[in-house]
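> Sharing a structure here in structure tokens format.
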Amino acid sequence: MSLQKYIEIFAREAEEHLQSLRHGLLAIETQGATPELIHELLRNAHTIKGSAMMVGLEQIAELTHQMESLFAGFESGSRELTPGCVDVLLLATDTVEELLARVQAGDQSKVEVGSVLEGLKNGKLAQVPVVAAGSESVTGAGRERNKTVRASVERLDVLVNQLGELLIARQEFDDKIRQIRQLNRQFEEFMAVLRKDDNCEKAKSLLAKYSRMANDLEQSTFALGYQAEELHASAMQLRMMPLSTITEDLVRMVRDLGREQGKSVTLDVEGESLELDRVLLDEIKPMLMHMVRNAVDHGVEAKEERAACGKPEQSLIRLKARYEGGKAQLVLSDDGRGIDPHSVRKAAVDKKLLSQSEAGSMSDEESVYLILRPGFSTRTFVTDISGRGVGMDIVKTNIDRIKGNLLIDSVPGAGTAMQLTFPLSTAVFTSLLAESDGEKYAIPLNYVAEVLRLNDADILQELGREVVRVHGETIPLFSLTALLNPGSSDRVAGRRISAVILHFRNRKIACLVSRIIGEQDIVVKNMGKQLKSVEFFSGATILGDGSPALILSIPDLFGSGINQGKTRLSEEIDAYSAAQKKGRILVVDDSITTRTMEKNILETHGYQVTIAVSGFDALEKLDAGSFDLMVSDVEMPGMTGFELTRKVRQREETKTLPVIICTSLATDEHKRLGMEVGAQAYIVKGNFDQGTLLDTVAALIA
Numbered sequence: 015m016s017l018q019k020y021i022e023i024f025a026r027e028a029e030e031h032l033q034s035l036r037h038g039l040l041a042i043e044t045q046g047a048t049p050e051l052i053h054e055l056l057r058n059a060h061t062i063k064g065s066a067m068m069v070g071l072e073q074i075a076e077l078t079h080q081m082e083s084l085f086a087g088f089e090s091g092s093r094e095l096t097p098g099c100v101d102v103l104l105l106a107t108d109t110v111e112e113l114l115a116r117v118q119a120g121d122q123s124k125v126e127v128g129s130v131l132e133g134l135k136n137g138k139l140a141q142v143p144v145v146a147a148g149s150e151s152v153t154g155a156g157r158e159r160n161k162t163v164r165a166s167v168e169r170l171d172v173l174v175n176q177l178g179e180l181l182i183a184r185q186e187f188d189d190k191i192r193q194i195r196q197l198n199r200q201f202e203e204f205m206a207v208l209r210k211d212d213n214c215e216k217a218k219s220l221l222a223k224y225s226r227m228a229n230d231l232e233q234s235t236f237a238l239g240y241q242a243e244e245l246h247a248s249a250m251q252l253r254m255m256p257l258s259t260i261t262e263d264l265v266r267m268v269r270d271l272g273r274e275q276g277k278s279v280t281l282d283v284e285g286e287s288l289e290l291d292r293v294l295l296d297e298i299k300p301m302l303m304h305m306v307r308n309a310v311d312h313g314v315e316a317k318e319e320r321a322a323c324g325k326p327e328q329s330l331i332r333l334k335a336r337y338e339g340g341k342a343q344l345v346l347s348d349d350g351r352g353i354d355p356h357s358v359r360k361a362a363v364d365k366k367l368l369s370q371s372e373a374g375s376m377s378d379e380e381s382v383y384l385i386l387r388p389g390f391s392t393r394t395f396v397t398d399i400s401g402r403g404v405g406m407d408i409v410k411t412n413i414d415r416i417k418g419n420l421l422i423d424s425v426p427g428a429g430t431a432m433q434l435t436f437p438l439s440t441a442v443f444t445s446l447l448a449e450s451d452g453e454k455y456a457i458p459l460n461y462v463a464e465v466l467r468l469n470d471a472d473i474l475q476e477l478g479r480e481v482v483r484v485h486g487e488t489i490p491l492f493s494l495t496a497l498l499n500p501g502s503s504d505r506v507a508g509r510r511i512s513a514v515i516l517h518f519r520n521r522k523i524a525c526l527v528s529r530i531i532g533e534q535d536i537v538v539k540n541m542g543k544q545l546k547s548v549e550f551f552s553g554a555t556i557l558g559d560g561s562p563a564l565i566l567s568i569p570d571l572f573g574s575g576i577n578q579g580k581t582r583l584s585e586e587i588d589a590y591s592a593a594q595k596k597g598r599i600l601v602v603d604d605s606i607t608t609r610t611m612e613k614n615i616l617e618t619h620g621y622q623v624t625i626a627v628s629g630f631d632a633l634e635k636l637d638a639g640s641f642d643l644m645v646s647d648v649e650m651p652g653m654t655g656f657e658l659t660r661k662v663r664q665r666e667e668t669k670t671l672p673v674i675i676c677t678s679l680a681t682d683e684h685k686r687l688g689m690e691v692g693a694q695a696y697i698v699k700g701n702f703d704q705g706t707l708l709d710t711v712a713a714l715i716a
């Protein structure tokens with residue numbers, strides 16, 4: 015009979031009991047032992063022993079039998095519960111977990127457990143190194159053990175992604191409904207013209223049916239969207255796991271590190287029942303491990319140093335978790351020595367991470383973030399815990415990956431608090447859609463402080479770059495267009511300017527965009543291996559209208575991007591204002607070559623130029639805005655330049671508008687006709703000279 019399927023069942027059962035054993039043993043150290051707790055631990059060991067014997071796992075059965083005997087001695091009072099007993103029981107728990115991982119990986123070889131068994135019999139370790147929870151030996155052997163769970167989770171991830179596609183389909187329906195409503199309005203306008211027509215009643219009937227269909231489609235889309243959101247939320251709940259699944263290892267790690275360094279330190283966790291997406295937990299665990307290691311190794315002082323500072327011998331590290339405004343927030347704090355900005359700057363200079371002048375210009379608040387730089391460490395020697403300069407760099411990399419934010423608040427001599435804020439899911443999140451230079455981009459909403467509409471007077475100069483003042487705070491201004499398309503610039507065109515205030519860590523910037531589209535829930539798409547390292551983007555998405563949009567990486571924008579995206583709005587606004595003062599000119603010509611040439615000549619000399627491709631187009635442009643002069647061709651389809659000029663003279667609002675005819679028709683008859691319809695000047699293209707055009711324009715506008 016094959017026992018493999020029973021071993022899988024046993025493994026899932028044993029994991030729960032091993033977690034209970036580890037949690038209970040750590041509770042004994044911090045809260046003391048109670049008869050109920052001892053009996054619970056005895057029952058855990060007994061259950062594992064019996065099940066291991068059933069599936070033929072002799073070494074696990076032998077270890078848990080000795081653990082059970084030790085717990086039974088505590089319960090009866092025949093054995094004294096000492097710190098050494100807790101140490102050996104924790105080691106035995108780790109050993110059982112490693113044996114279980116080996117069995118699941120198909121490794122049938124025996125493991126030397128004699129020293130652990132001897133320790134259980136004697137109630138103390140016999141110079142056996144403690145295998146810390148989450149150490150390489152356990153996690154390395156445990157990778158295969160986790161495969162069963164991960165395979166199941168991967169299938170769940172596929173389901174969540176498919177449901178995300180359904181949400182996109184719903185957005186596409188919404189977009190189509192908006193288009194139908196727009197067509198409906200156009201149809202109604204057209205109906206008003208047909209009122210005297212014989213087919214008007216029939217058209218009204220068709221319009222009524224069309225409207226009913228649109229209403230039915232809208233209701234069906236609403237129902238589909240509601241069901242899709244409910245289903246997606248239910249699937250996401252299946253992926254949610256409590257924070258306690260990763261914090262128990264942290265409690266154990268703090269205990270072991272403290273003992274190894276001769277420090278008395280405990281970790282207190284508040285909010286461990288808070289549930290997070292499993293994908294987030296995978297990213298958060300290594301961050302917290304490195305932050306906790308740093309707190310114990312760098313933050314917590316030795317007993318003598320704490321006594322000299324008047325601090326209690328017992329140091330306390332706190333981890334608080336909570337939901338905050340649709341996001342998750344973790345705060346890790348300690349009561350240690352804090353971060354000395356001067357020492358941090360000196361270490362960064364010594365390791366050539368920045369120059370002496372850069373260090374001198376940094377504030378104390380900015381300096382503490384140097385600990386996130388790759389290769390940074392204040393240690394002058396390397397240990398197995400610190401000194402390599404990779405720990406906090408991993409924290410930075412992971413927090414950027416999950417689109418989160420990290421704030422560091424440290425008071426030298428009093429302690430450090432690190433606040434992690436991140437979205438509840440990395441698969442679907444709310445974004446602000448913005449357009450820059452004709453392209454749409456998604457900005458994760460948790461980085462957006464507010465959206466501004468700027469006037470010319472709002473843009474100021476400070477230290478060689480442009481800034482804006484928002485609520486009394488000076489914020490640097492940079493251009494998304496100039497950053498993503500070097501050499502390009504923002505087109506101000508006399509309009510108010512849109513800017514998004516972004517915040518990251520303790521900094522803010524104002525990001526210029528062409529226009530704000532609005533908020534939208536988006537489903538994150540991976541950009542693939544080929545585009546994995548593309549700067550300034552962290553992913554892609556498909557919008558409701560089916561068009562793609564790139565997701566901006568805000569940490570990248572706050573990095574090298576800011577200096578690359580400097581704005582020149584003041585220059586552009588001044589140039590635009592000068593063009594406004596010099597004059598607005600409407601150029602009308604069906605030839606792309608002619609109108610482009612005339613436009614370039616006039617714009618080069620400071621005029622603001624609008625193009626029209628026909629007489630009808632010119633009349634629409636004249637209705638939409640005011641101009642100081644019009645330059646028109648004659649031979650154009652639909653309406654000649656003479657006819658256009660005559661209509662311009664007949665309109666009250668344009669009857670005094672100066673008009674220049676610029677045409678290849680060179681006869682006296684054509685020139686006379688041009689003057690009759692109201693043109694002030696007549697230029698023949700065959701004798702075209704840009705000086706003549708410019709002199710004529712200047713004379714007529716003046």
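Read in my numbering, the sequence shown has 663 at position 649, and its numbers run on one by one without any break. For each residue, glycine too, the CB sits at the ideal point set by N, CA and C. Please read all numbers here as calculations on a predicted model, not as lab measurements.
Considering HIS759, what are the terminal residues of the beta strand (DSSP E) in which it resides?
Limits of the chain in this structure are 15 at one end and 716 at the other, which puts residue 759 out of reach.
> Would a C-beta distance cut-off of 7 Å place ALA428 and GLY352 closer than the cut-off?
Looking up residue 428 in the sequence shown gives position 414. Looking up residue 352 in the sequence shown gives position 338. Yes; because the gap between Cβ atoms is below 7 Å, this pair is in contact.
> Return the residue from the list ALA237, GLU244, LEU294, MET303 that minimises the CA-CA distance to ARG266.
Here residue 266 refers to the residue found at position 252 when the sequence shown is read from its first residue. Closest option to ARG266, Cα to Cα, is MET303.
> Excluding the five sequence neighbours on either side, which residues of its own chain have a C-beta within less than 6 Å of the C-beta of ARG269, listed in chain order?
Walking along the sequence shown from the start, residue 269 turns up at place 255. Counting only Cβ-Cβ distances below 6 Å, and skipping sequence neighbours, we find nothing.
> Here's the rule: buried if 16 or more other CB atoms are within 10 angstroms of the residue's CB, otherwise exposed. What is ALA115?
Here residue 115 refers to the residue found at position 101 of the sequence shown. Answer is buried; the Cβ neighbour count reaches 16.
> Whole angstroms is fine: what's the gap from ASN765's alpha carbon to LEU344's?
Coverage of the chain is limited to positions 15 through 716, which leaves residue 765 absent and any answer about it impossible.
> Roughly how many angstroms lie between the CA atoms of LYS277 and HIS312, to the nearest whole one?
Counting from one through the sequence shown, the residue named residue 277 turns up at place 263. Counting from one through the sequence shown, the residue named residue 312 turns up at place 298. Answer to the nearest angstrom: the Cα atoms are 12 Å apart.
> Give the list of continuous alpha helix (DSSP H) stretches no shorter than 4 residues that lie fully inside the region 454-501.
Runs of the alpha helix (DSSP H) inside the region 454-501: 494-498.
> Go to GLU72, then tell me how far its alpha helix (DSSP H) extends in each direction, as first and last residue.
For the purposes of this step, residue 72 is identified with residue 58 of the sequence shown, where counting begins at 1. Segment 72-90, the alpha helix (DSSP H) holding GLU72.
> For GLU30, which of ALA41, ILE62, PRO49, LEU39 has the nearest alpha-carbon?
Stepping through the sequence shown from its first residue, residue 30 is reached at position 16. The residue with the shortest Cα to Cα distance from GLU30 is ILE62.
> With distance defined between alpha-carbon atoms, name the residue in SER646, THR654, ILE715 nearest to VAL698.
Counted from its first residue, the sequence shown places residue 698 at position 684. Comparing Cα-Cα distances from VAL698 to each of SER646, THR654, ILE715, the minimum goes to SER646.
> Using 8 Å as the cut-off, can you tell me whether the region 373-380 makes contact with the region 449-460, which would need three or more C-beta pairs spanning the two stretches below that distance?
The region 373-380 is not in contact with the region 449-460.
> So, for PRO426: in the same chain, excluding its five sequence neighbours on each side, which residues have a beta-carbon less than 6 Å away from its beta-carbon?
One-based indexing of the sequence shown puts residue 426 at position 412. Closer than 6 Å at the Cβ level, and outside the excluded window around PRO426, lie GLY352, ASP354.
> Among PHE550, PHE572, GLY532, GLY478, which one has its Cα closest to the Cα of ALA524?
Walking along the sequence shown from the start, residue 524 turns up at place 510. Ranking the options by Cα distance to ALA524, first place goes to PHE572.
> So what does DSSP say about ASN540, is it helix, strand or coil?
To locate residue 540, count along the sequence shown from 1; it is residue 526. Looking at ASN540 - three-state DSSP - the assignment turns out to be coil, as it is neither helix nor strand.
> Going by the DSSP bridge assignment, what does GLN534 pair with across the sheet?
Numbered from its first residue, the sequence shown carries residue 534 at position 520. In the DSSP output, where bridge partners are listed per residue, GLN534 has SER445.
> Between the Cα of PRO437 and the Cα atoms of ILE530, ALA362, ARG292, which residue gives the shortest distance?
Within the sequence shown, residue 437 is the residue found at index 423, counting from 1. If we check each option's Cα against that of PRO437, ARG292 comes out closest.
> Below 8 Å, how does it come out for the region 367-376 and the region 442-451: are there three or more Cβ pairs, yes or no?
Touching, no, given that fewer than three Cβ pairs across the two stretches are closer than 8 Å.
> Looking only at C-alpha atoms, which of ILE416, PRO388, LYS365, ALA75 sits nearest to ASP9?
Summary: the structure shown does not reach residue 9, with the chain confined to residues 15 through 716, and so no result is reported for it.
> If you draw a straight line from the C-alpha of LYS124 to the C-alpha of MET68, how long is it?
Position 110 of the sequence shown, counting from 1, holds the residue named residue 124. Position 54 of the sequence shown, counting from 1, holds the residue named residue 68. Roughly 18 Å separates the two Cα atoms.
> Quick one: give me the first and last residue of the beta strand (DSSP E) that LYS341 is part of.
Translated into positions along the sequence shown, residue 341 becomes position 327. First-last of the beta strand (DSSP E) with LYS341: 341-348.
> Quick check on DSSP: helix, strand or coil for CYS323?
The sequence position of residue 323 within the sequence shown is 309, counting from 1. CYS323 falls in the coil class under three-state DSSP.
> Within its chain, find whatever has a CB closer than 6 Å to the CB of LEU346; leave out the 5 residues flanking it on each side and keep chain order.
On the sequence shown, position 332 is the one that residue 346 refers to. Correct list, in chain order: MET305, LEU333, MET432.
> If you reduce the DSSP assignment to three classes, tell me which class PRO437 lands in.
If you number the sequence shown from 1, residue 437 lands on position 423. PRO437: strand per DSSP, three-state reduction.
> Count the other CB atoms within 10 Å of the CB of THR430; is the residue buried (16 or more) or exposed (fewer)?
Your numbering for residue 430 matches position 416 in the sequence shown. THR430 comes out buried.
> Does the region 79-90 come close enough to the region 43-60 that 3 or more CB-CB pairs lie under 8 Å?
Touching, per the Cβ criterion.
> What's the C-alpha gap between ARG157 and ILE536?
As a position in the sequence shown, residue 157 is number 143, starting the count at 1. As a position in the sequence shown, residue 536 is number 522, starting the count at 1. Legend: pLDDT at ARG157 = 38, less than 50; position of this residue unreliable, value from coordinates given subsequently. Taking the straight line joining both Cα atoms gives about 33 Å.
> Taking the alpha-carbon positions, what's the GLY705 to LEU687 distance?
Sequence index remark: in the sequence shown, residue 705 carries index 691 (1-based). Sequence index remark: in the sequence shown, residue 687 carries index 673 (1-based). Cα to Cα, the separation comes out at about 24 Å.
> Can you give the Cα-Cα distance for GLU112 and LEU56, rounded to whole angstroms?
In the sequence shown, residue 112 corresponds to position 98, counting from 1. In the sequence shown, residue 56 corresponds to position 42, counting from 1. Roughly 20 Å separates the two Cα atoms.
> Check the C-beta distance from LYS138 over to VAL110 and give it rounded, since I have them as a contact under 8 Å.
In the sequence shown, counting from the first residue as 1, residue 138 sits at position 124. In the sequence shown, counting from the first residue as 1, residue 110 sits at position 96. About 19 Å; that fails the 8 Å criterion.
> Do PHE24 and ALA59 have their beta-carbon atoms positioned less than 7 Å apart in this structure?
As a working note, residue 59 is residue 45 in the sequence shown. As a working note, residue 24 is residue 10 in the sequence shown. Not in contact: ALA59 and PHE24 (Cβ atoms no closer than 7 Å).
> DSSP three-state label for GLN328, please.
Along the sequence shown, read from residue 1 onward, the residue named residue 328 stands at position 314. GLN328: coil per DSSP, three-state reduction.
> Please classify GLU202 as buried or exposed, where buried requires at least 16 other C-beta atoms within 10 Å of its C-beta.
Stepping through the sequence shown from its first residue, residue 202 is reached at position 188. Label assigned to GLU202: exposed.
> Considering only their Cβ atoms, is the gap separating ARG663 from GLY692 smaller than 7 Å?
Within the sequence shown, the letter at position 678 stands for residue 692. Within the sequence shown, the letter at position 649 stands for residue 663. Against a cut-off of 7 Å, the Cβ pair of ARG663 and GLY692 comes out as a contact.
> So, with DSSP's three-state summary, where would you put GLU683?
Here residue 683 corresponds to residue number 669 of the sequence shown, with the count starting at 1. The answer is helix: DSSP assigns GLU683 an H, G or I state.
> Express the C-alpha separation of GLU657 and ASN701 in angstroms, rounding to a whole number.
Taking the first residue of the sequence shown as position 1, residue 701 is located at position 687. Taking the first residue of the sequence shown as position 1, residue 657 is located at position 643. Their backbone Cα atoms lie some 24 Å apart in a straight line.
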